[in-house]
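Undergrad: My structure is below; once you've seen it, I'll send some questions.
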């Protein structure tokens with residue numbers, strides 16, 4: 022029997038806003054009457070969508086750093102979200118939630134070990150929260166290359182979601198998933214979202230006022246009539262930022278609730294999610310991906326590494342910030358390897374597994390015992406912990422939001438520099454080696470084209486804090 026289905030993917034994410042010294046989010050202008058944007062978006066989006074039960078009906082991912090904040094500040098909301106995925110898992114054997122690479126860094130711009138850490142951390146965090154392994158993983162900004170997909174496959178991920186222009190095929194049919202063959206004789210499934218529908222949901226406020234009209238006038242005409250005549254099943258995939266439903270657009274949480282619970286069915290489509298669809302509809306076609314592409318930059322991944330038309334004005338600061346951080350990351354990694362390898366042998370495996378300490382699943386002594394038969398002294402244990410925390414901040418400094426907008430003098434890039442300063446500070450405490458002079462030299466060239474603030478000023482202001 023042929024089936025026509027609708028799957029809506031909602032990508033829920035906020036950049037980390039915590040001060041690395043205090044661990045708290047400072048008062049943020051513009052978020053009134055709430056103290057910060059996380060609180061405001063929770064009230065306008067995360068909470069109402071959880072109350073309406075929307076998390077049970079859509080495919081979704083929640084950024085791990087955002088979920089950590091929810092767990093600390095709004096545990097009831099977090100538990101509602103988890104329960105809605107779990108209901109699907111118990112009913113179907115698969116849940117509707119997807120994992121996400123941990124720090125929302127642009128993976129094609131990362132080295133192999135960073136990609137591996139980001140994916141491993143994201144999968145571990147997902148299993149910790151949801152109580153089962155992830156079948157799918159959302160790539161930050163859907164930025165992709167073959168090495169990243171290979172890592173996903175190696176770690177057991179079965180599918181991801183991409184934009185249609187990320188396929189090499191010009192005739193891509195978004196009404197069915199595709200197999201992407203990988204270099205090491207592996208495969209991964211890719212769902213390509215429907216470009217027109219996703220654009221209307223994201224950017225046309227008038228299109229999402231009435232769910233019944235949306236379903237009949239916009240959804241239904243996008244069905245592949247040739248497939249319908251042949252009796253073939255098809256799936257329409259819509260993907261957008263999850264914050265669209267209630268925060269970016271008022272009352273769209275209710276629009277979503279109606280769309281997935283009545284309106285789409287009246288238009289002849291039932292709602293599903295990718296992992297459930299794959300149980301009965303194995304992909305039949307193959308494609309190759311266009312490497313170093315994304316869903317929010319039509320110049321590949323240039324938005325996060327240099328100047329492109331996606332952001333107006335002078336963007337030379339982006340390339341300079343990327344280069345400064347790449348240089349600093351290399352120095353931090355060198356120290357980490359030098360001091361940790363004699364203790365445990367494989368410093369990168371130790372870094373991957375450190376997520377279980379971050380999540381509170383084990384302590385440092387248990388982690389060290391897992392990685393080596395050596396007994397570490399108290400001083401060695403302290404040094405290893407500080408260096409791992411430095412690596413944690415080093416991962417955080419590459420958060421994609423630091424490069425997304427047109428100006429350096431915004432909270433997102435300034436926070437990334439703060440995380441870099443904290444990484445340097447922790448590494449200095451652990452080893453006595455001060456990486457600050459080299460970092461400051463590079464960061465002086467990162468200058469806001471509007472306010473002339475330079476990144477070295479931000480870096481030093483955080484580094485010198487008591």
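Numbering (the working numbering), first residue to last: 22 to 487. The beta-carbon is built from N, C-alpha and C at its ideal position, and this holds for glycine as well. From a predicted model like this one, the values you see are computed outputs, not experimental measurements.
#1: For residue 194, which option in 385, 254, 358 has the closest C-alpha, if you only look at C-alpha atoms?
#2: Could you tell me the alpha carbon to alpha carbon distance between residue 288 and residue 226, rounded to whole angstroms?
#3: Ordered along the chain, which non-local residues of its own chain (more than five positions away) have a Cβ less than 6 angstroms from that of residue 313?
#4: Under a Cβ-count criterion, where at least 16 other Cβ atoms within 10 Å of its own Cβ denotes burial, should residue 117 be classed as buried or exposed?
#5: Just mark residue 485 as buried or exposed, buried being the case when its beta carbon has 16 or more other beta carbons within 10 Å.
#6: What residues in its chain sit with their C-beta under 7 angstroms from that of residue 239, if we drop five residues either side in the sequence?
#7: Let me confirm a value: residue 177 is counted as buried when at least 16 other C-beta atoms fall within 10 Å, else exposed. Which label applies?
#8: May I have the straight-line CA-CA distance separating residue 197 from residue 264, to the nearest angstrom?
#9: Taking the alpha-carbon of residue 29 as reference, which of 147, 245, 317, 290 has the nearest alpha-carbon?
#10: The alpha helix (DSSP H) with residue 328 in it runs from where to where?
#11: According to the Cβ coordinates, are residue 379 and residue 389 closer than 8 angstroms?
#12: Mind checking which residues open and close the beta strand (DSSP E) that includes residue 183?
#13: Would residue 133 be called buried (16 or more neighbouring beta carbons within 10 Å of its own) or exposed?
#14: Can you tell me which of the three DSSP states residue 317 falls into?
#15: Does DSSP put residue 471 in a helix, in a strand, or in coil?
#16: Cutting at 7 angstroms between CB atoms, please list the residues of its own chain near residue 103, excluding the five before and the five after it.
#17: Assuming residue 80 is part of the beta strand (DSSP E), what are its boundary residues?
#18: May I ask you to verify whether the stretch 300-310 touches the stretch 402-415, counting CB pairs closer than 8 angstroms and requiring at least 3?
#19: Name the two residues that bound the continuous alpha helix (DSSP H) containing residue 72.
#20: Which residues does DSSP list as the beta-bridge partners of residue 357?
#21: Does the beta carbon of residue 99 fall short of 7 angstroms from some heavy atom of the ligand NAP?
#22: Within the continuous beta strand (DSSP E) that includes residue 208, where are the two ends?
#23: Is DSSP giving residue 165 helix, strand or coil here?
#24: Does the distance from the CB of residue 99 to the CB of residue 81 come in under 8 angstroms?
#25: Are there 16 or more other CB atoms within 10 angstroms of the CB of residue 135, so buried, or fewer, so exposed?
#26: Is residue 72 buried or exposed, if buried means 16 or more other CB atoms sit within 10 Å of its CB?
#27: Which residues in the same chain have their Cβ closer than 6 angstroms to the Cβ of residue 474, if we skip the five residues on either side of it in sequence?
#28: To which residues of the same chain is residue 203 closer than 7 angstroms at the C-beta, ignoring the five residues directly before and after it?
#29: By the three-class DSSP mapping on this structure, what secondary structure does residue 383 have?
#30: May I ask which residues mark the beginning and end of the beta strand (DSSP E) holding residue 32?
#31: Identify the residues that DSSP records as bridge partners of residue 262: which are they?
#32: With a threshold of 8 angstroms on Cβ separation, who are the neighbours of residue 40 within its own chain once the five nearest residues in sequence on each side are excluded?
#33: If you follow the beta strand (DSSP E) that residue 200 is part of, which residue opens it and which one closes it?
#34: Strictly by DSSP, which residues pair up with residue 120?
#35: With a cut-off of 8 angstroms on the beta carbons, I'd call residue 121 and residue 143 a contact; round off their distance for me.
#36: Would you decide whether residue 242 is buried or exposed? Buried here means 16 or more other CB atoms lie within 10 Å of its CB.
TA: The answer reads as follows:
#1: Counting from one through the chain shown, the residue named residue 194 turns up at place 173. Distances from the CA of residue 194 to each of 385, 254, 358 were compared; the closest alpha carbon is that of 254.
#2: As a first step, residue 288 must be located in the chain shown, where it is residue number 267. As a first step, residue 226 must be located in the chain shown, where it is residue number 205. Approximately 21 angstroms, taken between the alpha carbons.
#3: If you number the chain shown from 1, residue 313 lands on position 292. These residues qualify, in order along the chain: 129, 166, 321, 322.
#4: The residue labelled residue 117 in the question sits at position 96 within the chain shown. With 16 or more other Cβ atoms within 10 Å, it is buried.
#5: For the purposes of this step, residue 485 is taken as residue 464 along the chain shown, with counting starting at 1. With a 10 Å radius around the Cβ and a threshold of 16 neighbouring Cβ atoms, residue 485 comes out exposed.
#6: The residue labelled residue 239 in the question sits at position 218 within the chain shown. The beta carbon of residue 239 lies closer than 7 angstroms to those of 218, 221, 228 in the same chain, with the five residues before and after it left out.
#7: One-based indexing of the chain shown puts residue 177 at position 156. Label assigned to residue 177: exposed.
#8: Taking the first residue of the chain shown as 1, we reach residue 197 at position 176. Taking the first residue of the chain shown as 1, we reach residue 264 at position 243. Distance between the alpha carbons of residue 197 and residue 264: 26 angstroms.
#9: Taking the first residue of the chain shown as position 1, residue 29 is located at position 8. The shortest CA-to-CA distance from residue 29 to any of 147, 245, 317, 290 is the one to 290.
#10: For the purposes of this step, residue 328 is identified with residue 307 of the chain shown, where counting begins at 1. Unbroken run through residue 328: none, as it is neither H nor E.
#11: As a working note, residue 379 is residue 358 in the chain shown. As a working note, residue 389 is residue 368 in the chain shown. Going by C-beta atoms, residue 379 is not nearer than 8 angstroms to residue 389.
#12: Translated into the one-based positions of the chain shown, residue 183 becomes position 162. From DSSP, the beta strand (DSSP E) with residue 183 extends over 180-183.
#13: Stepping through the chain shown from its first residue, residue 133 is reached at position 112. By the neighbour-count definition (other C-beta atoms within 10 Å, threshold 16), residue 133 is an exposed residue.
#14: Here residue 317 is taken as the residue at index 296 of the chain shown, counted from 1. Looking at residue 317 - three-state DSSP - the assignment turns out to be coil, as it is neither helix nor strand.
#15: Position 450 of the chain shown, counted from the first residue, corresponds to residue 471. Note: residue 471 maps to coil in three-state DSSP.
#16: Indexing the chain shown from 1 puts residue 103 at position 82. Answer for residue 103: 150, 151, listed in chain order.
#17: If you number the chain shown from 1, residue 80 lands on position 59. Note, residue 80: beta strand (DSSP E), 80-83.
#18: With fewer than three CB-CB distances shorter than 8 angstroms, the stretch 300-310 does not count as touching the stretch 402-415.
#19: Here residue 72 refers to the residue found at position 51 of the chain shown. Segment 68-73, the alpha helix (DSSP H) holding residue 72.
#20: By one-based count along the chain shown, residue 357 stands at place 336. As DSSP reads the structure, residue 357 sits in no beta bridge.
#21: The ligand content of the structure shown is nil, which means the ligand NAP is not present either.
#22: In the chain shown, the residue the question calls residue 208 occupies position 187. Looking at the DSSP string, the run of the beta strand (DSSP E) that includes residue 208 is 208-213.
#23: Taking the first residue of the chain shown as 1, we reach residue 165 at position 144. Three-state DSSP puts residue 165 in a strand.
#24: On the chain shown, residue 99 is found 78 positions in, with the first residue counted as 1. On the chain shown, residue 81 is found 60 positions in, with the first residue counted as 1. Not a contact, by the Cβ cut-off of 8 angstroms.
#25: Along the chain shown, read from residue 1 onward, the residue named residue 135 stands at position 114. That one is buried.
#26: Here residue 72 is taken as the residue at index 51 of the chain shown, counted from 1. Exposed is the call here.
#27: Within the chain shown, numbered from 1, the residue matching residue 474 stands at position 453. Answer for residue 474: 430, listed in chain order.
#28: Here residue 203 refers to the residue found at position 182 of the chain shown. Cβ neighbours of residue 203 beyond the five flanking positions: 167, 170, 171, 174, 209.
#29: Start at 1 with the first residue of the chain shown, and residue 383 comes out as number 362. In the structure shown, residue 383 sits in coil (DSSP, three-state: anything other than H, G, I, E or B).
#30: By one-based count along the chain shown, residue 32 stands at place 11. For residue 32, the uninterrupted beta strand (DSSP E) segment begins and ends at 25-33.
#31: Locating residue 262 in the chain shown gives position 241, where the first residue counts as 1. Looking at the DSSP output, residue 262 bridges to 32.
#32: Indexing the chain shown from 1 puts residue 40 at position 19. Taking residue 40 as the centre and dropping the five residues before and after it, the same chain places the C-beta of 46, 47, 439 closer than 8 angstroms to its C-beta, in chain order.
#33: Counting from one through the chain shown, the residue named residue 200 turns up at place 179. Looking at the DSSP string, the run of the beta strand (DSSP E) that includes residue 200 is 199-202.
#34: Position 99 of the chain shown holds residue 120. DSSP output for residue 120 lists 158 as bridge partner(s).
#35: Position 100 of the chain shown holds residue 121. Position 122 of the chain shown holds residue 143. Separation of the CB atoms of residue 121 and residue 143 is rounded to 5 angstroms, and the pair is thereby assigned contact status at 8 angstroms.
#36: Working through the chain shown from its first residue, we reach residue 242 at position 221. Label assigned to residue 242: exposed.
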